[in-house]
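Protein chains: 2
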Amino acid sequence: MTTRSPLAPDKFPDLPAIDGLGLAVAASGLKYKNRDDLLLMTLSETAIVAGVFTRSDTAAAPVIWSREVVASGRARAILTNAGNANAFTGERGRETVQQTSTALAKALGVSADHILLASTGVIGEPLEAAKLSAYFPQLVANKNASWDQAAGAILTTDTFPKGAHVSCDIDGITVNICGIAKGSGMVAPNMATMLAYIATDAALPAELLQQLLTTATDHSFNAITVDSDTSTNDSVFLIATGYAKTPMVTSADDPKLAGFRHALTELMVDLATQIVRDGEGASKFITITVSGAGSNHQARQIGLAIANSPLVKTAIAGEDANWGRIVMAVGKSGCGIDQQAIGITIGGFPVAANGMRIADYDEAPIAAHMQTSSINIAVSVGAGTGIATVYSCDLTHGYITINADYRS
Amino acid sequence: MTTRSPLAPDKFPDLPAIDGLGLAVAASGLKYKNRDDLLLMTLSETAIVAGVFTRSDTAAAPVIWSREVVASGRARAILTNAGNANAFTGERGRETVQQTSTALAKALGVSADHILLASTGVIGEPLEAAKLSAYFPQLVANKNASWDQAAGAILTTDTFPKGAHVSCDIDGITVNICGIAKGSGMVAPNMATMLAYIATDAALPAELLQQLLTTATDHSFNAITVDSDTSTNDSVFLIATGYAKTPMVTSADDPKLAGFRHALTELMVDLATQIVRDGEGASKFITITVSGAGSNHQARQIGLAIANSPLVKTAIAGEDANWGRIVMAVGKSGCGIDQQAIGITIGGFPVAANGMRIADYDEAPIAAHMQTSSINIAVSVGAGTGIATVYSCDLTHGYITINADYRS
C-alpha cells in the first residue's frame, strides 16, 4: 500500500458487529505479500441479500455467478479475493468459480447455490481454485475479524480501508447499517462501481432490499468517477440478517422505512465518496451539482461530463480557475443545452450567468477556493427541474505514475 | 511553442500554392508574443466551400456564424485568430463576429455574408473586433505567405505546424489538394475536431464538396482522440477554387472522382494523425483497429472506448503490455459484445482469442513492441463485418504538466 491519500479520513471509523454476520480474513500470498487478501463473510440462515453489478460486457466470471445467486435473495457466504479479478478467463474462469463455490459450500455445510463470489485485481490471468480453497479451513474456523481487517483484505491500489456506520430505527427498533468498500482506479459509474459490502441487522424481504439498494446506488456509487473506466468486477452487496427483529415492511414507501432509506443512502454516499477520496493520485475532492436540467438523469449526464473531463480535472490539479473548460464539458455532454441559459459558480462565487462571464467577475475569491482540497462546482442549465450531484477527483502526476507502472 | 513532439514528422512538407487561394499572416500580440497569430485566406470568385463543425452545445460565436455562411457554398475569405476562442462570450461575442466580418468584407470589397471566421484559444474571454481589424490593411495587402507560415499562425498548444499535400487527377487533369491543421488538446471526435483548412484547385459543386468532406471526415478527424474532450471551436473547411478547369462532376459515385475521393481521405487522415502525434504530452502514437463488429459505427465506438481509456493510455505510456485494460475498455463500450468472441493482437502478436488469453501466450515480443513509438492494437469482436480504425496517443506526465498550468 502506497502513501495514504491526502484526502483520506483521519482513521477507520468504529463499526459495530452486525448480529448474524461473521467476518474472517487470511493471507494467501497469491499476489500481495505480508497482507490479508481473502475475506469470508458468513451469513445467518435468516439473511436476505441484494446486489448490483457492473453492466460491462466483459463482466468477470464471479460477477456472472453472483448475479444468479443474488436473484434468489438468499446467500450464506461471500468470498472475496484481492489481486486477481478472474476476468476474461473464459471456460477456465467459470470452472474456478464452480470449484470454489463447491469447496466453500462443503466446508460451511451449505448449498453451493448460496455462495457469493467477488474477485478484484489483474484481468486475464487464470485464477486457480485450489489456491483459494487451501485457506477455507482457516477462514471457516474464524468469524471474529474486525470490520477494519475485513476492509483491509479487499484492497488493491487503494491507500486506505474504507468503512462507514449509521444507525436508525424502524418502527421504534434500532438497527445498525455497516459497510466497507474498495476502489481507487477503474472507477466510473455504470449501475455499480467497485466492491462494496453493506450489512444491516434489519429484517427486510428480498425484493424490497434489492429496490432499496438500487435506489441508493444511484445517489452514491453511480454518482462517482475517478477515471471514466468501468471495472469488469464491480459489485455491491447488501445483506439484511434480520436479527434486529424489525417488523417486516414490504413497500419502500412505507413511512416506517423513511429513516432507514435515508440512513442507507447516507452510508452509501459516505463509502462512495471515500472511494473518490482514494482516487489514484487524487489531491482534490470535487463535488459537482447540476441543477435546472431537463431531468435528474440529464443533470447527472452533464455532471459526469464535467467530472470526467481530463481538462477540467487537470485544471483543478493545477489550482487554475479555468472555468472555460467547464463550459466545454457542458457543451460536449450532448444534452442539447441552450448555452444562453448556462450559469456557473465555483466555491459559491458567481462566474458566469446567461451564457457569458458575469460583468463584475472577480477571480480572487475563486483562486483562493481552488487552493483548498474540496472544490465545489455548481452549474445551472435552465432547462427544467432536474438536479444531480456527482463526485470526482483531480487528475495529477500521481495517476500517471500509478498507472504507467502498476499491472491491474 | 514548447519542445517539438517526439512523434512529429522531420519537417513541414512541401506544399504547392493552390491557384485562386491567397495566404496572409500577421502578429497581433493579442495573447502570444513574437509569433504570427492571424491567418487570412482569400478565395477566388470561383471558389466553392464546404465545412464541418463541432456538435458541441456550447459552440463558439464564429462557429455559429461560419456554419451559416458555409450553407451557401460560397465564401471569399477565411479569417482565423489564435489565442482567444470567442466562445461562451454571449451577445458580445456575436457582436464581435458581426463587426469583424463587416470590417473584413469592406477591406476586401466583398459581401460580409462571404466571410468565414474561426477562432481558437481560451474560452470565455471577450474578444474585441478592433484588435483584429487593426491588422486588416496589412493582411489584405499580402497574399503570398507560405503554407508553413499559415500553419504556424493558427497554433495554440501545438508543438509543430501540420500540413499535407497530395495530387491526383480528375478525368486526366491533375489537381492538387493541400491542407493545414492545428490541434493538440481538447481533441475528441464529434463530427469534426479542431481546425483544418483544405484547398484544391479542382472544380466541384457545393453539395458534392460537402458530401466528400463529410465522408472523409468520418475516416480522419472523426477517428482521432487525444483526451476525449470536444472543443467548442472545431471547424474543418474544404475549398475548391476550380482553377484546374476539371469537368464538373455532380455525383460522389462518378468513377472520374475515385482518385480524388481517395486522395482527399488520404490527406485528411495524414492531417488528423499529425494532430494525434502532437497530442499534449504524447510519447506514443496508437493505432487501434476493431473488426468483426455489428457495424462500422459500432467498431468505431469500441475503438474509441479503447482509445479514450485513461488506463489503456497510461499502460502504453509505461510500456506495459497490460492487455486486460483493453478487455475492460471493450466491456465498458456498451455495445453488447459477447466476450467469448473477443480476440486481441498487439503489434501483430496474438494475445487473446475466444474470450481468454491464448494457451501459449508469450509476452516477450509484445513487450518489445510496447517499447516502440507506434503501438498497434487490433481487436476482433465476432459480431459481424463492421470495421474501423481510430488513432490516439498515450497519457503521460507531459499532459498533466501542460494542462495543470496552461489556461486554454
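Protein chains in written order, with the working numbering: chain A, 401 to 808; chain B, 401 to 808.
Glycine included, C-beta positions come from ideal geometry on N, C-alpha and C.
With 16 other Cβ atoms within 10 Å as the buried cut-off, status of residue i
i        : result
A/Lys506 : exposed
B/Lys732 : buried
A/Glu607 : exposed
A/Gly679 : buried
B/Met594 : buried
B/His514 : buried
B/Thr772 : exposed
A/Ser511 : exposed
B/Arg725 : buried
A/Thr646 : buried
B/Ala592 : With a pLDDT of 46 at B/Ala592, under the threshold of 50, the predicted position of this residue should be treated as unreliable, though the coordinate-derived value follows. Buried: at least 16 other Cβ atoms inside 10 Å.
B/Gln739 : buried
B/Thr458 : buried
A/Met648 : exposed
For residue j and residue i, believed in contact at Cβ under 8 Å, the rounded distance
i        : j        : result
A/Ala553 : A/Asp437 : 6 Å
A/Pro605 : A/Thr650 : 6 Å
A/Ser444 : A/Leu516 : Contact flag wrong, Cβ pair sits at about 14 Å.
A/Ile737 : A/Val781 : 5 Å
B/Asp601 : B/Ile418 : 5 Å
B/Ser774 : B/Phe685 : 5 Å
A/Ser709 : A/Ala693 : Rounded, the Cβ-Cβ distance is 17 Å, inconsistent with contact.
B/Gln496 : B/Thr630 : Checking the sequence, you will find Thr at residue 496 of chain B rather than Gln. Contact flag wrong, Cβ pair sits at about 23 Å.
Cβ neighbours of residue i in the same chain (closer than 6 Å, five flanking residues each side left out)
i        : result
B/Thr789 : Thr689
A/Thr500 : Ala529, Leu532
A/Gly422 : Thr442, Lys543
A/Ser428 : Asp437, Leu438, Tyr535
A/Gly483 : Leu430, Lys431, Tyr432, Asp437, Gly521
B/Tyr799 : Glu680, Gly681
A/Pro750 : Ile758
Proximity test, Cβ basis, 8 Å: residue i and chain A
i        : result
B/Val452 : no
B/Pro710 : yes
B/Thr632 : yes
B/Trp723 : yes
B/Val727 : yes
B/Ala717 : yes
B/Gly585 : yes
B/Ser456 : yes
B/Arg435 : no
B/Arg757 : yes
Cutoff 8 Å: residue i Cβ touching any chain B Cβ
i        : result
A/Arg404 : no
A/Lys411 : no
A/Ile523 : yes
A/Asp629 : yes
A/Gly572 : no
A/Asn803 : yes
A/Thr496 : no
A/Thr714 : yes
A/Asp720 : yes
A/Met591 : Any reading at A/Met591 is ruled out, since the residue's pLDDT is 43, under 50, leaving its predicted position unreliable.
Close beta carbons around residue i, own chain, < 7 Å, minus the five adjacent residues each side
i        : result
B/Asn434 : none
A/Ala564 : Pro413, Gly579, Leu667, Asp670, Leu671
A/Ala485 : Ala460, Ser519, Thr520, Gly521, Val522, Ile523, Thr632, Asn633
A/Thr714 : Leu795
B/Val425 : Asp436, Leu438, Leu439, Ala545, Gln549, Ala550, Ala553
Beta-carbon contacts of residue i that lie in its chain and below 8 Å, excluding the five residues immediately before and after
i        : result
A/Pro409 : Phe560, Gln674, Arg677
B/Arg720 : According to the sequence shown, residue 720 of chain B is Asp rather than Arg. Taken in chain order, the residues that qualify are Met770.
Test: residue i CB closer than 8 Å to a CB of chain E
i        : result
B/Lys433 : No chain E is present in this structure, whose protein chains are A and B.
In the region 767-800 of chain B, which residues sit with their C-beta less than 8 Å from some C-beta in chain A, listed in chain order?
-> Leu795, Thr796, His797, Tyr799, Ile800
Selection of the region 729-755 of chain A by Cβ proximity to chain B, strictly under 9 Å = Ala729, Val730, Gly731, Lys732, Ser733, Gly734, Cys735, Gly736, Ile737, Asp738, Gln739, Gln740, Ile742, Val751, Ala752, Asn754, Gly755
Chain B contacts made by the region 462-493 of chain A, where a contact means CB separation under 9 Å | Ala485, Ala487, Phe488, Thr489, Gly490, Glu491, Arg492, Gly493
If you measure beta-carbon to beta-carbon, which residues of the region 692-711 of chain B are closer than 7 Å to chain A?
-> Ser709, Pro710, Leu711
For the region 542-568 of chain A, which residues have a CB atom closer than 7 Å to at least one CB atom of chain B, in sequence order?
-> none
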